[in-house]
Amino acid sequence: MLELATSDDSPLSGDMPEVCRLTPDTLILVWNLPTRLWTVPKLEARDGQKISPQATLRLPLGGGGTRLLRVIPQPKDTPLTLVAETGTLGRQEEITIDPDGQFDPIDAYVLLDDVTPAGRLSLLSAMLGAWASMFRMRRSRSYNQVLNRLVARIVEDPQRAQPVARLSEQQMLIATTLPIAFGGIEATYVVSPTGFWRLPQTAHHGRETPNGAKQTFFIADRNGLDAGAYLVITGSRALAIRHLEGKANLPSLSRWWLAQGKADADLREYAIDALARGDATSRKAALEFQLRCPLSAQRVTGGGGLPSGEVDLAVTTARGTLIGGWYRDPVEMVGGVDVLDHTGTEHAFENHFYRYAGSVVEEEKTVPATGFVGFHPEIKSQVPILQPRSILRLTSGSRHLMVPTAQPADPAEARARILRAVPPQHLNDEIMENCLAPVIGDVQQKLMGSIGSPTVMDIGEQRNDPSVSIVVPLYRVLDFLRAQVGAFACDPWISQHCELIYVLDSPEQAEQTEHLLRGLYQLYGVPLRLVIMARNGGYARACNSGAAVARADLLAMLNSDIIPHRTGWLGTMATRMGGEQDVAAVGPKLLFEDGSLQHAGMYFARNERGQWLNHHYYKGMPGGYRDACVERSVPAITGACMLLHRGVFEDVDGFSEDYVIGDYEDSDLCLKIRAQGFDIRYVPDAELYHFERKSISTHADYMRGVATQYNAWLHACRWNDQMSDLSTYGVAPQAGDVLTGERLL
Numbered sequence: 213m214l215e216l217a218t219s220d221d222s223p224l225s226g227d228m229p230e231v232c233r234l235t236p237d238t239l240i241l242v243w244n245l246p247t248r249l250w251t252v253p254k255l256e257a258r259d260g261q262k263i264s265p266q267a268t269l270r271l272p273l274g275g276g277g278t279r280l281l282r283v284i285p286q287p288k289d290t291p292l293t294l295v296a297e298t299g300t301l302g303r304q305e306e307i308t309i310d311p312d313g314q315f316d317p318i319d320a321y322v323l324l325d326d327v328t329p330a331g332r333l334s335l336l337s338a339m340l341g342a343w344a345s346m347f348r349m350r351r352s353r354s355y356n357q358v359l360n361r362l363v364a365r366i367v368e369d370p371q372r373a374q375p376v377a378r379l380s381e382q383q384m385l386i387a388t389t390l391p392i393a394f395g396g397i398e399a400t401y402v403v404s405p406t407g408f409w410r411l412p413q414t415a416h417h418g419r420e421t422p423n424g425a426k427q428t429f430f431i432a433d434r435n436g437l438d439a440g441a442y443l444v445i446t447g448s449r450a451l452a453i454r455h456l457e458g459k460a461n462l463p464s465l466s467r468w469w470l471a472q473g474k475a476d477a478d479l480r481e482y483a484i485d486a487l488a489r490g491d492a493t494s495r496k497a498a499l500e501f502q503l504r505c506p507l508s509a510q511r512v513t514g515g516g517g518l519p520s521g522e523v524d525l526a527v528t529t530a531r532g533t534l535i536g537g538w539y540r541d542p543v544e545m546v547g548g549v550d551v552l553d554h555t556g557t558e559h560a561f562e563n564h565f566y567r568y569a570g571s572v573v574e575e576e577k578t579v580p581a582t583g584f585v586g587f588h589p590e591i592k593s594q595v596p597i598l599q600p601r602s603i604l605r606l607t608s609g610s611r612h613l614m615v616p617t618a619q620p621a622d623p624a625e626a627r628a629r630i631l632r633a634v635p636p637q638h639l640n641d642e643i644m645e646n647c648l649a650p651v652i653g654d655v656q657q658k659l660m661g662s663i664g665s666p667t668v669m670d671i672g673e674q675r676n677d678p679s680v681s682i683v684v685p686l687y688r689v690l691d692f693l694r695a696q697v698g699a700f701a702c703d704p705w706i707s708q709h710c711e712l713i714y715v716l717d718s719p720e721q722a723e724q725t726e727h728l729l730r731g732l733y734q735l736y737g738v739p740l741r742l743v744i745m746a747r748n749g750g751y752a753r754a755c756n757s758g759a760a761v762a763r764a765d766l767l768a769m770l771n772s773d774i775i776p777h778r779t780g781w782l783g784t785m786a787t788r789m790g791g792e793q794d795v796a797a798v799g800p801k802l803l804f805e806d807g808s809l810q811h812a813g814m815y816f817a818r819n820e821r822g823q824w825l826n827h828h829y830y831k832g833m834p835g836g837y838r839d840a841c842v843e844r845s846v847p848a849i850t851g852a853c854m855l856l857h858r859g860v861f862e863d864v865d866g867f868s869e870d871y872v873i874g875d876y877e878d879s880d881l882c883l884k885i886r887a888q889g890f891d892i893r894y895v896p897d898a899e900l901y902h903f904e905r906k907s908i909s910t911h912a913d914y915m916r917g918v919a920t921q922y923n924a925w926l927h928a929c930r931w932n933d934q935m936s937d938l939s940t941y942g943v944a945p946q947a948g949d950v951l952t953g954e955r956l957l
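For the sequence shown, the positions run 213 to 957 when the numbering used here is used.
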């Protein structure tokens, strides 16, 4: 598997080792022996002197002899005397190495003379690996020159390895061919006159060429490739040397790919995987390549009793790969669905695969089908893989490729698709925990990281020393702004003590919202601060962004559909803060528009399926219901209207941002506050109207049900023990209150 170069060099001879210099600090002893050695002859230091480190290598010669190499450090202060057992039986000779001795540099050509192909592979492997590390010679100029000459001498006229595309500013794709008989590649190195390094990425084997070779691709750094560089490819029993051509102006990966006119999906995944392991720029390049060069979508078509199927959801994240779709199996031939990794290897889903009854439209008819969703934790990537491939595996042994349409790269759109992966009626905690939750959590984290900094706009002269900062998140629905600002303007306590901050979480409405708020300022003279989010990030991020620009010691978090109908409510709530019981949060009585109770504090209880849910005390009862008029400590309060100590809010890191869209963040915050030892109170003397869910109902994903189920699951995982402890806390609902405990939707 190695084409040898001819050599006219004279072989070393003699019973005693020749001593040569490998680097300024390292010597190499070259000992030619006439027979094939099965053991290493003794070469020991006299008088107990220690030689460390040292390395020995036996190279078989074509004539039947052995070339023995031993690498040792150059003696520093005193001469080193070695006792060698020579080829003559029982004969010993001494070699004295003077620290100041003048030794000739090792001749790479002489080292190779008459060495068999297996020996050359061993020599090159030792120099690229163990020797360089053991003697710290990777940065030695002389060592690199010897290594480069050695590689150049092994094959007289090596084939070429050609850079074909620029993957990123740092990496390029290199193509060459290898004989099919080469076998598996163990390691690949770039060797140049000034240095060498091992390629971190494994090679990719492509299609066979007409002459019986196999296209092989490598990924290497673009920097450091000097003239005269080589690609050294080693296998278990094979060695290939390729001259590495330089190319200054490489096409981008996308341009090169499109110019090929043929789609090697495995090569595409290989390049994407390499880029995904790089820096932020490389990861962006991986995403761009997928968007510019998508694969053709592919489904399995049936008919005549044959199975059919399709993957319509496929999301690869840093935590694993989620796929979802359907198949029809009229005669029970489907054995399972597998997912492919970046090398094209099939992976079964094992336990994280679930089926449910469904239907699809085929030939304009609705027919029954099996829906499925599966999660594989081992197939993962730091970059979204927009078209993970799957296999529909039949019991006949045949396999059919399924390729989804390009999935959305934007994390918000990806999250929306995941939330539609399983119909709510088929969703349970097992599917949530084993399939959906890992990818929802990863995508949510990416979404939060992509939002960017908000823009802050002051309307009117702001108060310098407010006692309370009122923070109101806005999302699409602006219908209540006039009534809410008007109510604030008519409240003397708010006018004297508060600053008003609106956080717009739908930035596409920035111009409309600014115009409306400026008009309200002209009408009422109430200074306003508008925080415009860079993109929609959800309730928690909006509230946290508003709190970040607030200047008061107390934070009043209000929904945009909260309308006060009496003045003084906020002052009443503020008087309940702190005190001997260290009250860190208080909530008011909230009423529906018909005057019935919406909120009188919040508690936690399990439903008929054993799931923890948030409930409101006395929800639906008359607004003047006796027990709802009692001020008391409660497990939690709604985020629709709550007053908090800013210091405590910051100590618990505000609202948790890993809940989806807007649900359970308020109870999560309350439980974090309670975990710090603070109390939470319900104050019925503060009374407001809440036109519930007017904003969140406009969100395209919320009403599909999966978001709420995910948030409930996450909340229960995080706070199960605390909710159990609080299940009998405070005032329990009365048995006769038929609407008590109604689920908050």
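Just so you know, even glycine gets a beta-carbon here, dropped at the ideal spot from N, CA and C.
Bear in mind that the values here come from a model prediction, so they are computed numbers and not experimental data.
Cβ separation of G532 and P589, assumed to be a contact under 8 Å, to the nearest whole Å: 4 Å
Quick one: what does DSSP say D703 is sitting in, helix, strand or coil? coil
DSSP state of V358, grouped into three classes? helix
Status (buried if at least 16 other CB within 10 Å, exposed otherwise) for G276: exposed
Could you please give the first and the last residue of the uninterrupted alpha helix (DSSP H) stretch that includes G661? A649 to G661
Just how far apart, CA to CA, sit P800 and C710? 18 Å
Taking just the CA atoms, how far does D891 sit from D878? 15 Å
Suppose you measure from the CA of V964 to the CA of R454; what does that come to, to the nearest Å? Not covered by the structure: residue 964. The range shown for the chain is 213 to 957.
Straight-line Cα distance separating V358 from P272: 21 Å
Would you kindly report the start and end of the unbroken alpha helix (DSSP H) that includes I484? A477 to A488
Could you give the distance in angstroms between the alpha-carbon of E398 and the alpha-carbon of A338? 14 Å
Do the CB positions of W160 and L234 come within less than 9 Å of each other? This structure leaves residue 160 out entirely; the chain is present only between 213 and 957.
C-beta contact flag for Q619 and Q637 at 9 Å: no
Enclosing alpha helix (DSSP H) for R449 [first to last residue]: No alpha helix (DSSP H) holds R449; DSSP gives it neither H nor E.
With DSSP as the reference, label V327 as helix, strand or coil. strand
What are the complete beta strand (DSSP E) segments, minimum 3 residues, inside the segment 234 to 285? 238 to 245, 255 to 257, 267 to 272 and 278 to 285
Using only CA atoms, which one of E723, L782, E869 and C702 lies nearest to V798? L782
Does the distance from the C-beta atom of Q413 to that of E420 stay below 9 Å? no
Kindly indicate which residue of L385, S448 and N423 has the alpha-carbon position closest to the one of L336. S448
In whole angstroms, what is the alpha-carbon distance linking L742 and D717? 11 Å
Inspect the beta-carbon positions of Q823 and A754 and report whether they are closer than 9 Å. no
Nearest-angstrom Cα separation, counted from A530 out to P851: The sequence given here has Gly at residue 851, not Pro. Answer to the nearest angstrom: the Cα atoms are 32 Å apart.
Just to confirm before moving on: does the CB-CB distance between R601 and E457 stay below 9 Å? no
Got a sec? Which residues, its chain only, sit under 6 Å from H811 by beta carbon, not counting five neighbours each side? L802, H828 and T850
Taking Cβ positions, are S494 and L411 nearer each other than 9 Å? no
Specify, as a first and last residue, the run of the alpha helix (DSSP H) that K884 falls within. E877 to A887
Close beta carbons around A560, own chain, < 6 Å, minus the five adjacent residues each side: D550
Work out the CA separation of N819 and P945 for me, nearest whole Å. Note that P945 scores 46 on pLDDT, short of 50, meaning its location in the model is unreliable; the coordinates nonetheless yield the value given after this. Taking the straight line joining both Cα atoms gives about 15 Å.
Span of the alpha helix (DSSP H), counted from its first residue to its last, around M346: A342 to M346
Range covered by the alpha helix (DSSP H) that runs through D773: Segment: none, D773 is in no alpha helix (DSSP H) and carries neither H nor E.
Under 9 Å between the Cβ atoms of A377 and T388? no
Taking 9 Å as the cut-off, decide whether the C-beta atoms of P896 and A840 are in contact. yes
What are the residues that DSSP puts in a beta bridge with S817? Residue identity check: residue 817 is Ala in the sequence provided, not Ser. DSSP, once it has assigned bridges, lists L825 as partnering A817.
According to DSSP, residues forming a beta bridge with L533: In the sequence as displayed, the identity of residue 533 is Thr instead of Leu. Paired residue(s): T528 and H588.
Residues that V572 bridges to, as DSSP identifies them: V579
Note down, in chain order, each residue of its chain lying with its Cβ closer than 8 Å to the Cβ of V573, except the 5 sequence neighbours on either side. V579
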